[in-house]
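Q: Chains as they are written, first to last, in the working numbering: chain A, 1 to 79; chain B, 1 to 225.
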Amino acid sequence: MKFEVFVTLKKEVLDPQGKAVENALGDIGLNTIKNIRQGKYFTLEVSENDENKASDLVKSSCEKLLANQTIENFKFNKI
Amino acid sequence: MKANVIVFPGSNCDRDVKVALEKFQIQTTMVWHQENEMPKSDVVVLPGGFSYGDYLRCGSMASKSNIMNEVIKHADKGGYLIGICNGFQILTETGLLPGALLRNKKLKFICKYVNLLIENNSTPFTSKYKKNEKIKIPIAHNEGNYFADEKTLNELQNNEQIVLKYCDENLNINEESNPNGSCLNIAGIINKNKNVIGMMPHPERCVENILGGTDGSGIFQSLLN
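1) Closer than 8 Å, Cβ to any Cβ of chain A: which residues of the stretch 94-118 of chain B, in chain order?
2) Helix, strand or coil for B/G53 per DSSP?
3) The stretch 53-68 of chain A: which residues have C-beta closer than 7 Å to a C-beta of chain B, in chain order?
4) Name the residue from A/D50, A/F74, A/M1, A/I79 whose alpha carbon lies nearest to the alpha carbon of A/Q38.
5) Is the CB of A/I36 under 8 Å away from at least one CB in chain B?
6) Who are the neighbours of A/E12 on chain B, taking C-beta pairs under 8 Å?
7) Which one or two residues does DSSP pair with B/E208 in a beta bridge?
8) Buried or exposed for A/E72, going by 16 or more other Cβ atoms inside 10 Å?
9) So which residues of chain A does B/S182 contact, with C-beta pairs closer than 8 Å?
10) Could you check where the alpha helix (DSSP H) with B/M68 kicks off and where it finishes?
11) Could you check whether the stretch 118-136 of chain B touches the stretch 18-38 of chain B, counting it as contact only if at least three pairs of C-beta atoms, one from each stretch, sit closer than 8 Å?
12) For B/G10 versus B/G53, is the C-beta spacing smaller than 8 Å?
13) Which full runs of the beta strand (DSSP E) of 3+ residues lie inside the stretch 125-211 of chain B, going along the chain?
14) Do the stretch 39-58 of chain A and the stretch 1-11 of chain A meet, that is, are 3 or more Cβ pairs less than 8 Å apart?
15) Return the CA-CA distance between B/I197 and B/P39, expressed in angstroms with no decimal places.
16) Give me the chain B residues within the contact set of A/I71, using Cβ-Cβ distance strictly less than 8 Å, ordered along the chain.
17) Could you please tell me which residues of the stretch 13-35 of chain A, in chain order, have their CB closer than 8 Å to any CB of chain C?
18) Kindly indicate the opening and closing residues of the beta strand (DSSP E) around A/N77.
19) Determine the direct distance from the alpha carbon of B/L224 to that of B/F109, and round the result to whole angstroms.
20) Can you tell me where the beta strand (DSSP E) with A/K40 in it begins and where it stops?
21) Where does A/E48 fall in DSSP's three states?
22) How many Å lie between B/N133 and B/I118 at the Cα?
23) How about B/N36 and B/N4: do their beta carbons lie closer than 8 Å?
24) Can you tell me which of B/L97, B/G212, B/N12, B/I210 puts its alpha carbon nearest to the alpha carbon of B/K192?
25) So B/K64 contacts chain A; which residues on that side make the cut at Cβ distance below 7 Å?
26) Mapping DSSP to helix, strand and coil, what is A/K34?
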């Protein structure tokens, strides 16, 4: 079963990389694009046929390693 | 006194720490991260470097290493634990210290001497310094921007857990004297039990005049007290 995971910085955490990307877009004339926040995208496969069990495993992998919940949020979908 | 220095793939300050510890007659053993046990010691050091190439997040993979179970047990029993630079990042990833270390505000790797204020000298790691003393120790990091939410920062202040702050020559603590954007100019913090310290500056690089200074010596000398 395949999943995709999005890990993003919490809104109160400064994202200087997103800001730098936003500035660079401004430099190439795309200055109406604002509030860029950079994050991480994972795809993963779970060897499990039960969707609920698989979701629990993905959630656990996010909580234990893929995201640092002090600074990041995560969400995931089956794909 | 005995110390263990944990070596991860990508650690690069491990041998410098050993040299510094041994300069102060602290008998040091290097312990590979895949080990399931380590010799009994008074202090464990998580050294600087780029464990696991800083993949995913700095310190995240190292925090899940085999040996970290033993390191956490050591700290839970009250043993001294020091995380320097990448070691500090590993400590926040394990949850032994609160907060997280983000990319430097100006997105640059910074390698230079900085002025630090000793905010708390009543810890086992800073007792050789005077309170509000200014020391000069090098930093070398890309992710040293200490972040914690408002509640955690308040707790750190109320419990006197902030040990080192970035300052200027005249002890001013402000945006100009903050090299990386850290909340409250934080350069080093300690846990509530006062036996686990994390710091971005590298005291081990600052224990010989020939290397530019000896202000880092106090950290190692304090341990001996």
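Don't be surprised by glycine CBs; every beta carbon is placed ideally from N, CA and C. Keep in mind the model is a prediction, meaning the values are calculated, not measured.
A: On the basis of the coordinates in this document:
1) P98, G99, A100, L102, R103, N104, K105, K106, L107
2) Note: B/G53 maps to helix in three-state DSSP.
3) L65, N68
4) A/F74
5) no
6) D149
7) B/G213
8) buried
9) In chain order: nothing, as chain A lies at least about 11 Å away.
10) 66-76
11) By the Cβ test, the stretch 118-136 of chain B is not in contact with the stretch 18-38 of chain B, since fewer than three Cβ pairs between them sit closer than 8 Å.
12) yes
13) 134-141, 145-147, 162-167, 186-190, 196-199
14) Cβ pair count under 8 Å is three or more, so yes.
15) One C-alpha to the other measures close to 21 Å.
16) A100, L102, F147
17) Included in the structure are the protein chains A and B, with no chain C among them.
18) 72-78
19) 33 Å
20) 39-45
21) coil
22) The displayed chain sequence assigns Glu, not Asn, to residue 133 of chain B. Approximately 5 Å between the Cα atoms of the pair.
23) no
24) Comparing alpha-carbon positions, the option among B/L97, B/G212, B/N12, B/I210 lying closest to B/K192 turns out to be B/L97.
25) L65
26) coil
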